[in-house]
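Residue numbers (the working numbering): 3 to 206.
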């Protein structure tokens, strides 16, 4: 298969791309332990978008693994995780925001750039607003659930060079926030770049 596109997303930066059905997005964690926040929209109808709730309910698993279909709010497969060298990925931890940073870590963090800012920046070109943001995928992020039902954001399970391949089942708009969070260990307190590639089929 042919690689159509390759780029490095800088630490803390946003990225977006339209992808055609059948194309595969490969995301490579260059430094290790870097969360990659990820949102999906139907390229032709942005009201048709990724649904964490439908995805979790359909697979009866809060963790995303090889074979997981990323479903829309209408129950349609938008993309499929076709391969990953990381054990699992998260879709319940959500995206960091200035508001959540302030609540969790104190008012001195209010100025810090966050994933919601990145999603708004990346989505603006497609006419998306804050009202269009929904709970997202967090590739390479480790969010365990305790026996009492509480969530944790702990050291990641990724390592340099680990990757995930996600195949588009329909034409999609992909938004990525290369997470800028420095107040919890989701990025090892040190955000780093990631690489993205788009292939016209399964990567070789």
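Where is the CB? At the ideal position from N, CA and C, for every residue including glycine.
This structure is a prediction, so every number in the text was calculated from the model and none was measured.
Nearest-angstrom Cα separation, counted from residue 87 out to residue 96: Within the chain shown, numbered from 1, the residue matching residue 96 stands at position 94. Within the chain shown, numbered from 1, the residue matching residue 87 stands at position 85. Going by the C-alpha atoms only, they are around 22 Å apart.
Strand pairing of residue 91, partner residues [DSSP]: The residue labelled residue 91 in the question sits at position 89 within the chain shown. BP columns for residue 91 point to 66.
8 Å Cβ cutoff met for residue 100 and residue 112: The count along the chain shown starts at 1 and reaches residue 100 at position 98. The count along the chain shown starts at 1 and reaches residue 112 at position 110. Going by C-beta atoms, residue 100 is nearer than 8 Å to residue 112.
Reference residue 18, options 30, 26, 5 and 41, closest by Cα: Your numbering for residue 18 matches position 16 in the chain shown. Looking at the Cα atoms, 41 is the closest of the given residues.
Residue burial classification, residue 3 (beta-carbon count within 10 angstroms, cutoff 16): Start at 1 with the first residue of the chain shown, and residue 3 comes out as number 1. The residue is exposed, with fewer than 16 neighbouring Cβ atoms inside 10 Å.
Nearest to residue 172 (by Cα), restricted to the options 187, 28 and 72: The count along the chain shown starts at 1 and reaches residue 172 at position 170. The residue with the shortest Cα to Cα distance from residue 172 is 72.
Contact under 8 Å by Cβ, residue 29 with residue 196: Start at 1 with the first residue of the chain shown, and residue 29 comes out as number 27. Start at 1 with the first residue of the chain shown, and residue 196 comes out as number 194. Yes. Within cutoff.
Every unbroken beta strand (DSSP E) inside the segment 24-82 [3 residues or more]: 26-31, 38-44, 47-51 and 71-73
Given 8 Å, three or more beta-carbon pairs between the segment 175-185 and the segment 39-58: yes
Residue 127 burial status per 10 Å Cβ neighbour count (16 or more: buried): By 1-based counting over the chain shown, the position of residue 127 is 125. The residue in question, residue 127, is exposed, as its Cβ has fewer than 16 Cβ neighbours within 10 Å.
Proximal residues to residue 10 (C-beta, below 6 Å), its chain only, five neighbours per side dropped: For the purposes of this step, residue 10 is taken as the residue at position 8 of the chain shown. Counting only Cβ-Cβ distances below 6 Å, and skipping sequence neighbours, we find 195 and 197.
Host alpha helix (DSSP H) of residue 135 (start-end): Here the question's residue 135 lines up with position 133 in the chain shown. Careful: residue 135 lies outside any alpha helix (DSSP H) and carries neither H nor E.
Burial state of residue 74 (16 or more Cβ within 10 Å): Within the chain shown, numbered from 1, the residue matching residue 74 stands at position 72. Answer is buried; the Cβ neighbour count reaches 16.
C-alpha distance - residue 20 paired with residue 6, whole-angstrom precision: Counting from one through the chain shown, the residue named residue 20 turns up at place 18. Counting from one through the chain shown, the residue named residue 6 turns up at place 4. Residue 20 and residue 6: Cα-Cα distance of roughly 12 Å.
Closest residue to residue 191 among 203, 79, 164 and 156 (Cα-Cα distance): The count along the chain shown starts at 1 and reaches residue 191 at position 189. Nearest of 203, 79, 164 and 156 to residue 191, Cα basis: 156.
Alpha-carbon to alpha-carbon, residue 137 and residue 76: Counting from one through the chain shown, the residue named residue 76 turns up at place 74. Counting from one through the chain shown, the residue named residue 137 turns up at place 135. For residue 76 and residue 137, the distance between alpha carbons rounds to 15 Å.
Residues bridged to residue 167 [DSSP beta-bridge criterion]: Locating residue 167 in the chain shown gives position 165, counting from the first residue. Answer is 28 and 85.
Beta-bridge pairing of residue 9 - partner residues as DSSP gives them: Here the question's residue 9 lines up with position 7 in the chain shown. Beta-bridge pairing links residue 9 to 198.
Expected contact under 8 Å - CB spacing of residue 160 and residue 61 to nearest Å: Position 158 of the chain shown, counting from 1, holds the residue named residue 160. Position 59 of the chain shown, counting from 1, holds the residue named residue 61. Between residue 61 and residue 160 the Cβ distance is about 21 Å, and since that is not below 8 Å, they are no contact.
Span of the alpha helix (DSSP H) around residue 124: Against the chain shown, residue 124 aligns to sequence position 122. Element bounds for residue 124: 117-126.
Cutoff 7 Å; reference residue 206; Cβ partners in own chain excluding five residues on either side: Locating residue 206 in the chain shown gives position 204, counting from the first residue. Correct list, in chain order: 3.
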